[in-house]
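Heads up, the thing below is written out as C-alpha cells.
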Amino acid sequence: MQFGMHFFPTSSPSQESGADYWNGILSCVDLADDLGFSHVRTVEHYFTPYGGYSPSPIAMLSAAAMRTKHARLITGAVLPAFSHPLKLASELCLLDALSNGRLEIGIARAFLPLEFERFGVSLDESRARFNEAMDVITRLLSEENVAHQGQFWKFPETTILPRPTQQPAPPFWIAAVQTPSSFEYAGRNGYGVMAIPFAGGVLREYLEIYRKAWKEAGHRGNGKVMLVFHTYCAPTMQEARATAEPQLLDYFRNFANAARSWATGTSSSDYVGYDKIVAFLDKITFDDQVTSGAAWIGTPDSIARQLQDYYDIVGGFDIASLQIRFGQLQVDKVHQSMHLFSREIMPRFKELGSIVA
Amino acid sequence: MQFGIQFFPTNGPDQLSGADFWGNALACVDLCDELGFSHVRTVEHYFNPYGGYSPSPIAFLSAAAMRTQKARLVTGAVLPIFSHPLKVASELCLLDALSNGRLEAGFARAFLPLEFERFGVSLDESKARFEEAMSVITRVLTEEDVSHDGKFWKFPETTVYPRPTQSPRMPIWIAAVQTPESFINAGRNGFGVMAIPMTGSVMNDLIGQYRKAWKEAGHPGNGRVMLAFHMYCSESADDARSVGEPELMDYFRAFANAARSWTTGTSSKDYANYDKIVEHLDKATFDGQVANGSAWIGTPDMIAKQIEQYQETVGGFDIASIQVNFGLMDQKKAHASMRLFANEVMPRFT
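Chains as they are written, first to last, in our numbering: chain Z, 1 to 357; chain D, 1001 to 1350.
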C-alpha cells in the first residue's frame, strides 16, 4: 500500500494567513521523500475557509515538486467546470514538465453551489461539462492537432504545449463520491478512482461497481482506488484524541458551512442526495469517524487495526491519501505524527493493495 | 536600476522537451539571488512554440519561489481574459502566500489571434474584457464581500482566498505596447508599466506620458517602468555574436510565425496598427537590435555602453527584465553570461 499526504486547508484569515498555512504545509512536504510518503496532493476550492486557501492545485504542486524528488504530485482534484479545458490541459502539462513526469491528474465535478454561483456555471450542466471536458482533455494530452466542436467548447486544430512528459499521458483519477455512474465511468475508462471513506459497507458497493466496470472493459488488474483519511498518530490514545478531536470537528464544521445550501433549497438533478450530506456532516462525531475507520487517529497499533479493518470492510484499496494537517493542528506535532506513522505503520502494510509499495 | 531574469520559451517539441526547457530555466533561477538579480519573470502563452511552453506564469513562479529567497516573482503577464477574474485573483493570492509576499502581478490584454480563436474570445471584446477584469481583480484583492454585475462577469458578494500576503495587495503592473492611452491609464492608476524597448525616442515619449499621468494623479514617487531585453554577455565579442545572433533571430522568427495572422488579414478595432508592429518586428536584424539597444549582446563594456545610451535616450527606466538563456543556447554559456553580467555590468548601474 502507498501512503501519501493530502492537504485540505480550512483556515480562515482570523486563524492564520495564507503564507503561514502554506509555509507549514511545505515543511511537511519537505519530509515526504525521506519518510516514504508516496505523493503530495491538494484540492481546488474557492471563496470560503473550506479549501479556499487552495484555489490552484497546479500552482501548489509546482512548488511541492521543488521540495521533493520522488513523491508523485496529485491534483486532488482539478475542477474543469471553472476553467477552459485547453488552459487546464496546458497547465497540467506544464506541471508534468516542472516535476519531471511526476504528475497524476485527479479530476472532479465540483459540488459547492457557492462556487458554481460565482463562476456563473449552472449546477445542472455539471455532468455534461465534466464529460465534455474529460473527452477534450484526454485527447489533447495524447494527440496533436485536436479539433473539437462540443456543447460548451469549440476550437480548431490545436496542439497544447508543452507535450506531456509522461507518455502517452499522466495517469488519471476520477473523484467519485456517491453517484454510481461516476464509479462506473472511472472503471470503464481505465482510470483510477479517488473516493472518501463513507461507512465502509456503502463504499464497498460503489467500489464493486468500479471494479466490475474495470474488468468488463478488459483492463488488466483490479483497478486503482485511492481513499482519503484524516490521520494523526501519537504515542498515546489520550494525546491523539486531545490534540486531534477539536481539529477534526473544525474540518467538518467548515465542510458543513460551505455545503449548507444543499440543505437549504439548492437542488440539481446532477447532485442527487446531496441534501443528505449536510445533515450527515452536522451530526458527525469524533467517535463515529474513528469507529468507522474514516479518521485514523490514535496510536500506531490502533491505527494499524483501523487500517486493516477498513481495508477488509471496503474490499480493499490501494493508496491512502492522508490528511496529516487538518484544522489548526500544530505543525511540529504533525511532523511528529508523520515520523511515527512512517516508522511504525507503513512497514506493516507493504503487501496490501494491488499496487505494491 | 534593477535587473531581473525572464524566461520566454520559443522552442517546439522537436527542439527541447518541456522538462528540459523548464529544468534549464530553474537552473538559472538557482543563480538568481546569489548574483543579485532582483526578479524572476515569465509569460503566459498557448498552443504555439512562441511562448507556448509557458501557459501558466503562476505555476512556474510558484516553483521559482521555492528556488529563491529574495527575488521578486513577476507575472509577465497574466492574461485575465482567457480565464475568470475571480480565479485569476485567487491564484495570484496563492502565489503571494507561497512566496511569502514576493509577487508582482503583471497583466496583459493578450494579442495573438490564434489564442483568441481557441479560447472562443472575440478580439473586438479584448479591451472591454480586460478593463472589466482589471476592475474586478483590483477590487477583490483589496476588499471583502465584493459583488459585481458587469458585461462579461457577475457574482454575488465574494471574498477571494487566501487574502493577499502583501498589504494592501501585491504591486500591479500593466503591459503596454505603443498606445499612449495604455501608458497614461497605467500611470493614472498607480500601476507599474511593463513594455518592450521600442525605438528610443518613441519610448521616451511614452514613458514621459506615463510618469506625467502618475504625478498628476498624486501618486508618490515617479512610477516604475520595466523593459525586457535579450542578453548574452561574453568576454569575446565574436563569441557573443556567434552565440547570440542565431538565438535572437530564432526568437523573432517564432514571434513572426505566431503573429502572422495580423499581416494576413486579421484586424480588430482593439488592435490598431498591429499589422505594422508585426511587419516591423519581422524585419528585425541582429545588428539593428544591438544598435538600438534592444538586445544586449556583446562584451561587458559593449553592453554597459548600450545600457547607458538606452537609458539616456528613453529618459530613464527602472527595471530591466532580461532573457538570459534564450533559444537553444548552451546552458553553461548562459550561466557564464549571467555571472559575467552580474559581476561586470550590473555594479555600474545598481
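Even for Gly, the Cβ is constructed at its ideal location relative to N, Cα and C.
What in chain D is Cβ-close to residue i, meaning under 9 Å?
i, result
"I107/Z", "By Cβ distance, chain D contributes nothing, its closest Cβ being about 16 Å from I107/Z, past 9 Å."
"A97/Z", "S1017, G1018, A1019, D1020, F1021, W1022, G1023 and Y1053"
"F130/Z", "Near F130/Z there are no residues of chain D at all, since even the closest Cβ is about 17 Å away, more than 9 Å."
"Y46/Z", "L1086, K1087, S1090, T1158, V1160 and Y1161"
"I160/Z", "Y1046, F1047, G1052 and P1055"
Show which residues of chain Z have a CB atom less than 8 Å away from the CB atom of residue i.
i, result
"V1177/D", "The premise fails here: V1177/D is roughly 23 Å from chain Z at the closest Cβ pair, so nothing lies under 8 Å."
"G1101/D", "A19"
Can you find the residues in the same chain that come closer than 6 Å, C-beta to C-beta, to residue i, ignoring five residues on each side of it along the sequence?
i, result
"S90/Z", "I160"
"V1136/D", "P1085 and H1148"
"V1029/D", "V1040, A1064 and R1067"
"S1337/D", "Y1232 and C1233"
"S268/Z", "L123 and D124"
"T165/Z", "D96, A97 and G101"
"T224/Z", "The residue you asked about is not Thr; residue 224/Z is Lys in the sequence shown. So the qualifying residues of the chain are G192 and D318."
"F1119/D", "F1082"
"L203/Z", "V314"
"L1206/D", "F1183"
Taking C-beta to C-beta, are residue i and residue j nearer than 8 Å?
i, j, result
"I297/Z", "A244/Z", "yes"
"W173/Z", "Y191/Z", "yes"
"A1071/D", "S1038/D", "yes"
"L1112/D", "A1259/D", "yes"
"G1298/D", "A1342/D", "no"
"L86/Z", "T138/Z", "no"
"T1264/D", "E1279/D", "no"
"A1213/D", "V1193/D", "no"
"L1248/D", "Q1306/D", "no"
"A1254/D", "P1049/D", "yes"
"V1074/D", "E1044/D", "no"
"F82/Z", "A110/Z", "yes"
"Q1323/D", "H1219/D", "no"
"I107/Z", "M134/Z", "yes"
"S1062/D", "L94/Z", "no"
"A263/Z", "T299/Z", "no"
"S1294/D", "P1197/D", "yes"
"P55/Z", "E1091/D", "yes"
Residues of chain Z with a CB under 9 Å from the CB of residue i: which are they?
i, result
"M1066/D", "L26, S62, A63, A64, A65, M66 and R67"
"A1097/D", "S17, G18, A19, D20, Y21, W22, N23 and Y53"
"H1084/D", "F82, S83, R118, F119 and G120"
"W1262/D", "By Cβ distance, chain Z contributes nothing, its closest Cβ being about 18 Å from W1262/D, past 9 Å."
To the nearest angstrom, report how far apart residue i and residue j are at their CA atoms.
i, j, result
"P1180/D", "P13/Z", "40 Å"
"D301/Z", "A234/Z", "10 Å"
"S1236/D", "P1013/D", "32 Å"
"E351/Z", "G316/Z", "12 Å"
"T48/Z", "H339/Z", "31 Å"
"C1093/D", "A1019/D", "26 Å"
"A405/Z", "D288/Z", "In the structure displayed, chain Z extends from 1 to 357; residue 405/Z sits before or after that span and is not available."
"P80/Z", "F280/Z", "27 Å"
"Q247/Z", "Q15/Z", "12 Å"
"I303/Z", "P57/Z", "28 Å"
"L61/Z", "G24/Z", "15 Å"
"V1202/D", "Q1178/D", "8 Å"
"T10/Z", "F326/Z", "7 Å"
"A1256/D", "L114/Z", "44 Å"
"Y21/Z", "G1101/D", "13 Å"
"G52/Z", "W1022/D", "29 Å"
In chain order, what residues of the same chain lie with their CB nearer than 7 Å to the CB of residue i, ignoring the 5 residues before and after it?
i, result
"R1211/D", "G1187, N1222 and G1223"
"M1346/D", "F1003 and G1036"
"M66/Z", "none"
"P1164/D", "C1093, D1096, L1141 and M1170"
Just the chain D side, please: which residues come within less than 7 Å of residue i by C-beta, in chain order?
i, result
"P113/Z", "Those within 7 Å of P113/Z in chain D number zero; the least Cβ separation is about 11 Å."
Cβ closer than 8 Å: which chain D residues qualify as neighbours of residue i?
i, result
"G101/Z", "A1019"
"W153/Z", "G1120"
"L86/Z", "Y1046, F1047, R1118 and F1119"
"A59/Z", "S1056, I1058, A1059, S1062, E1091, L1094, L1095 and L1098"
Excluding the 5 residues flanking residue i on each side, which residues of the same chain have their C-beta closer than 8 Å to its C-beta?
i, result
"S27/Z", "V331 and H335"
"L1026/D", "A1063, A1064 and R1067"
"H84/Z", "W153"
"T1199/D", "N1292"
| request: Note down, one range per segment and in chain order, each beta strand (DSSP E) of at least 3 residues found wholly within the stretch 1292-1325 of chain D. | output: Listed in chain order, they are 1295-1298 and 1319-1323.
| message | So within the stretch 275-321 of chain Z, which uninterrupted alpha helix (DSSP H) runs reach at least 4 residues, ignoring any that extend past its ends? | response | Along the length of the stretch 275-321 of chain Z, whole alpha helix (DSSP H) runs at least 4 residues long occupy 286-291 and 300-314, reported in chain order.
| Runs of beta strand (DSSP E) lying entirely within the stretch 89-167 of chain Z, each at least 3 residues, in chain order | As for any beta strand (DSSP E) of minimum length 3 sitting wholly inside the stretch 89-167 of chain Z, the runs are 103-107, 146-149 and 154-158, ordered along the chain.
| beta strand (DSSP E) segments (min. 3 residues) lying fully within the stretch 1125-1206 of chain D | Within the stretch 1125-1206 of chain D, the complete beta strand (DSSP E) runs of at least 3 residues fall at 1146-1149, 1154-1158, 1172-1175 and 1192-1195.
| If you scan the stretch 183-226 of chain Z from start to end, which runs of the beta strand (DSSP E) of 3 or more residues do you find wholly inside it? | Correct list: 192-195.
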